[in-house]
Every structure is written in structure tokens, then in C-alpha cells.
Amino acid sequence: MKPFDYHRPETLQAALELLTDPGATAYGGGTNLLDMMKCGAALPGTLVDVTALPGLQGVSRAADGRLRLGAALRNSDLARDPLILAEAPLLSEAVLSGASGQIRNMATTAGNLLQAPRCPHYALPESPCARRDDRTGCAARDHAGRDHAVLGWDDSCRAVHPSDLCVGLAALGATVEIATLAGRSEQPLAALHPLPSAGRALEPGALITAVLIPAASLGLRARYVKVRERTSFAFALVSAAAGLEIADGRITRAGLALGGVAATPWRRAEAEAALIGAAPGPETFARAAALLLQGASPSGENGFKIALAERVAIRALSEAVTPRAGQAAWPGSVFDAPKEDTPDVA
Amino acid sequence: MTLRLIINGQAQEIALPDSRLTLLDLLRDHLQLTGAKKGCDRGQCGACTVLVNGRRVTGCLTLAATLEGAEVLTIEGLSSGADLHPMQQAFLDHDALQCGFCTPGQIMSAVALMAEGETGADPDRVREALSGNLCRCGAHPGIVAAVCSVLGEQG
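Chains as they are written, first to last, in numbering that gives the first Met the number 0: chain A, 0 to 345; chain B, 0 to 154.
Written out as C-alpha cells, the structure is:
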């Protein structure tokens, strides 16, 4: 591992000043970054540990009623938080369906947002990778397997964003609070995970301080469904988060996002618009899912993901119809799977 | 940099030789606490599981420098004298190991489950909660039985 300086500042100002060094990187739980440093895919000269910073902790209610998830909040604390369980259990479900108990005790909210792609070529400095190093091309172009993207990819990169949490946050319309020495700003979650064609997300020297969930969120009629190659401690082949607001038998608001299919949690305004005003049911959900997958194409031996994603989206929407609150979530895709089959979209 | 922390109940003051040192390497190479094992060194196998401030973590992905003031509990600190912790005794009673390499991590992870209190003695939930601890010998049935027996008595 390349040597580095380690700092654990106690004020945001001190952290932001340290982060103006171009070789400095914010450090949370380290579950991904330290791993990438060990294999040589990340080479920071300075680590700025943000876990002692006030204002980056816990789940709280912002003055405008939104839920505020601290950037340094540990995944397991997020999953067990009473406010999350009461108002957005979808997020607890998503977090608990990822990683292991040990990793969730360490990993943070912002670290989850900014985690590296799990494309094997990214973690192998000997492999060309445009995501890791602008100059070198893409080894996955000739060796793409089952795990890569089917939406929004191009020849510069076909890696997917590996997060479960971010898929849930995308469906709920979350925004990200960012601090720089110039002040604080907010941006949509999607801006943090640009498609390969769009360039870098977070400007140098910026620090994520929180994630904000809209008030009156879609969190109660909401569901996260994850399909993976083994029942625990595996990334999604495909996952879907759906949130619905239903009044008088009609859908009045909707959020729908897919994981495991693109460099970003995949949303499409047309798919959500198709749900609004319609009666919840198999036909409505199949129409929205088809719109969400429009234009999908295999980037390797992963054509199966397209039909799978459509079905997982339909299942998430179908399960979202029944409201839930205050329920202690448990990895739902394993233990709470409904007995009836999801309608076939073929 | 001097690191002050408590390991297995003992206050320690350690001159940190390098910011790159992980908790696992600190325990094994500098403190001769070799119970926690280095399996993958990437957070995937759980053989290095220890408790930090009562929560299970992987020692291989924890930088020692982050632990100022922390309380660390390893397998060496689990028994009181000759009296085994109930989880250690249950692993013996259920023959929950073959080679034993993963056992310290399995036991520390299982001890954390007692405090997390979310699985009860439900084998499905215990399997899910222990998915961060791999056993290449395939002793998982015995491990789950051992853990469930302790969690069942805990009520």
C-alpha cells in the first residue's frame, strides 16, 4: 500500500481545508476505500477521516421536515433507526440486503454513495480502466461477463453502480448535501453517479455531509427487491426499488429505480409518469417496467438482465402496494418473498 | 503517533509505526494476539472478526489509526480464566469446526449477534446474520446449531 498521512479533524472547516490537497480523500468506514488502496486501485496521499465531524452523524429531522441521513452514519445504524423504520423502511431493507453484518457496522452513508465499481478490471491496476485512470481504455470491452450494464453504457465503461442503498434513495427522490469551503449546496442523487458519457461527479475538495429524503416520502408503500447469485453477501444481479402513493384507487405519485443495470440507479421519468393516474395492477406495472427498460442492450453475456430487470421491477411495484411502517426490516428478498408468482412479461 | 486504546480490558499505549497498519496486523504482528486470522485480508471471509466498542468488524479493513480511545475485544479476551464463554462452549458441544481457522471469527461474530438481538434462535436468520463468516471446511450446520443453542437460551 502506498504510504499516506492520516487525519481525523473535529471541525468541518478543518476537514475541508485538508481536502483542498488534490491527493486527499475523505475516509469513512474504509470498507471499500481501504480495499481499493490495498490492491493499488486507489492511491490517496492523505486520508481525511470524517467520522468525528459533528453534523455528519445520525438520522434527524431537518427544519423543512425532510429526513436527514448523516454522511458518516454507519449502515447498521441507518437500518435500525426508528425514524427510518417508521417512514422509509425501504431503506432499511435495501441496506440489510447488502454486504455482511461486519461490513454494515463499518460502512457509512456517503461511502456507500461513492463506492468503487466492482468490475474486476477496476480493482486490477494492470488492467486498462477509464474509470480508474482516464488514459487507459477499458479491459471489460473485450471481457465483459454477466455482471455489467444493460442501460446507459458505452465503450468507455460498462460497470454498474453496486449499491443497494442508492437504488432505494433514488426511488424516494433523495438529494445530497455537499460542503465546500465556499459553502453548502444540494444536488440530486443522480448527479453523483453520472453515466460514462458524462464525466466526473463530485468536484475536487467537496465533501458529502448528508443525504436528504423528501418529506411525505413514498417510503410507506415501498419495497426493495434484490436478485443475486446466492442468498446473502452478494451484489445484485438486478434489483428494484418502488415507492407509490395511492389515493382513491389511483396512483398519485411514484418512484421507481433499478440496481445492477447501469452506472447509476436507473430511473426514467416516462416510466414514473406512466404510473401516475393509473390504477395499481399488473397491466399498469408491466407498462411502466417496459418503459423503464426501453433501449436496454447487452454489454456482454448479460442479455438475461433485461427480462429479469423488467420482472423484478414489476414485483417491486406489486409488493409496494401494501403499506408498511414501523416494521423491523430484515433482508426481504430472502425471507418475505410472497408465494404467488410475478406476472410474466414475455 | 501514539495510539491509546483498550484491548481485552487492558489499557494500551502503542507507538503506531505506520498509518497503514490495520487492526488485524496490530493484533497479530505487534501484540502477539494471533486468534484473529488473516484469511482474505479484504473483508470477505470474516476470519479476522473482532469487536470494536461492542460491534463486530473486520480487523483487516480497520485502520489502527482510527481506533483512538476504542475498546477492542478479541477471542483471547472472551473467556474468564478457565471458564469458557457460553459461545465457545457451544462450539465445542456442537463440534462446530474442523480445521478451526475461521473459528475465532465465527465465535466473535456470534457473540455480537447476542447483543444485536435480531435473529433469535431462527436458523434462517442466524445463517443470514453470519454470512460474513465463511467456513471452507463446511462446518456451517454445526456452527448454526451452536449459535442457535446459545441464542435460544438467551431467550
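Just so you know, even glycine gets a beta-carbon here, dropped at the ideal spot from N, CA and C.
query: 6 Å Cβ shell around A:Trp152 - same chain, five flanking residues per side excluded; result: Ser298
query: Within chain A, partners of B:Ala14 - CB distance below 9 Å; result: Ordered by position in chain A, no residue passes the 9 Å Cβ test against B:Ala14, which lies about 15 Å from the chain.
query: Integer Cβ distance of A:Leu236 from A:Glu269, believed to fall under 8 Å; result: Going by Cβ atoms, the distance from A:Leu236 to A:Glu269 rounds to 24 Å, so no, they are not a contact pair.
query: Neighbour list for A:Lys37 in chain B, Cβ cutoff strictly below 8 Å; result: Asp40, Arg41
query: Within chain B, partners of A:Asn104 - CB distance below 7 Å; result: Arg54, Arg55, Val56
query: Cβ-based burial, A:Phe3 [other Cβ within 10 Å; buried from 16]; result: buried
query: Beta bridge counterpart(s) of A:Arg73 as assigned by DSSP; result: A:Thr107
query: At least three beta-carbon pairs within less than 8 Å, the segment 52 to 61 of chain B to the segment 89 to 106 of chain A; result: yes
query: Nearest-angstrom Cα separation, counted from A:Gly57 out to A:Ala239; result: 26 Å
query: Under 8 Å from the C-beta of B:Gly119: neighbouring residues of chain A; result: Neighbours of B:Gly119 on chain A: none; closest Cβ ~11 Å, over 8 Å.
query: Chain-order list of residues whose beta-carbon lies under 8 Å from that of B:Glu75 (same chain, five-residue window excluded); result: Asn7, Leu32, Gly34
query: Within chain B, the residues that A:Phe234 reaches when beta carbons sit closer than 8 Å; result: Under the 8 Å cutoff, chain B gives no residues; its nearest Cβ is about 12 Å from A:Phe234.
query: Paired residues, beta bridge with B:Val71 - DSSP; result: B:Ile6, B:Val51
query: Pairwise C-alpha distance: B:Glu12 and B:Leu4; result: 7 Å
query: Sufficient close CB pairs (3 or more, under 8 Å) joining the segment 78 to 97 of chain A to the segment 92 to 104 of chain B; result: no
query: Closest residue to B:Gly104 among B:Val146, B:Gly80, B:Ala69, B:Met0 (Cα-Cα distance); result: B:Val146
query: 9 Å Cβ cutoff, B:Arg3 in contact with chain A; result: no
query: Residue-chain proximity (B:Glu70, chain A), Cβ-Cβ < 9 Å; result: no
query: Length-filtered (3 minimum) beta strand (DSSP E) runs lying within the segment 251 to 333 of chain A; result: none
query: Within chain B, the residues that A:Asp48 reaches when beta carbons sit closer than 7 Å; result: Thr65
query: Contact set for A:Cys128: own chain, Cβ-Cβ below 7 Å, skip 5 residues either direction; result: His120, Tyr121, Thr135, Cys137, Ala138
query: Where A:Lys225 sits in the DSSP three-state scheme; result: strand
query: Backbone CA spacing between A:Asp343 and B:Val149 [nearest angstrom]; result: At A:Asp343, the pLDDT of 48 sits below 50, so the modelled position is not reliable; the number obtained from the coordinates is stated separately. Near 44 Å, if we compare the C-alpha coordinates of B:Val149 and A:Asp343.
query: For B:His139 and A:Gly294, the rounded distance between their alpha carbons; result: 44 Å
query: Residues that A:Pro187 bridges to, as DSSP identifies them; result: A:Thr174
query: Nearest-angstrom beta carbon gap, A:Leu255 and A:Leu307 [assumed within contact, 8 Å]; result: Contact flag wrong, Cβ pair sits at about 16 Å.
query: With 16 other Cβ atoms within 10 Å as the buried cut-off, status of A:Ala327; result: In this predicted model, A:Ala327 has a pLDDT of only 48, less than 50, meaning its place in the structure is not dependable; the value taken from the coordinates is given anyway. Burial call: exposed.
query: Neighbourhood of A:Ala78 by C-beta distance below 6 Å, restricted to the same chain and skipping five residues each side; result: Ser91, Val94, Leu95
query: Partners in chain B for A:Thr30, counting only beta-carbon separations shorter than 7 Å; result: Gly42, Leu60
query: Closer than 8 Å at the beta carbon, the chain A residues around B:Arg19; result: Met0, Pro2, Phe3
query: Same chain, Cβ closer than 6 Å to A:Ser75, five either side skipped, listed in chain order; result: Arg103, Asn104
query: Between the CA atoms of B:Ile106 and B:Gln87 - distance to the nearest angstrom; result: 7 Å
query: Partners in chain A for B:Gly137, counting only beta-carbon separations shorter than 8 Å; result: By Cβ distance, chain A contributes nothing, its closest Cβ being about 15 Å from B:Gly137, past 8 Å.
query: For A:Ser155 and A:Pro81, the rounded distance between their alpha carbons; result: 42 Å
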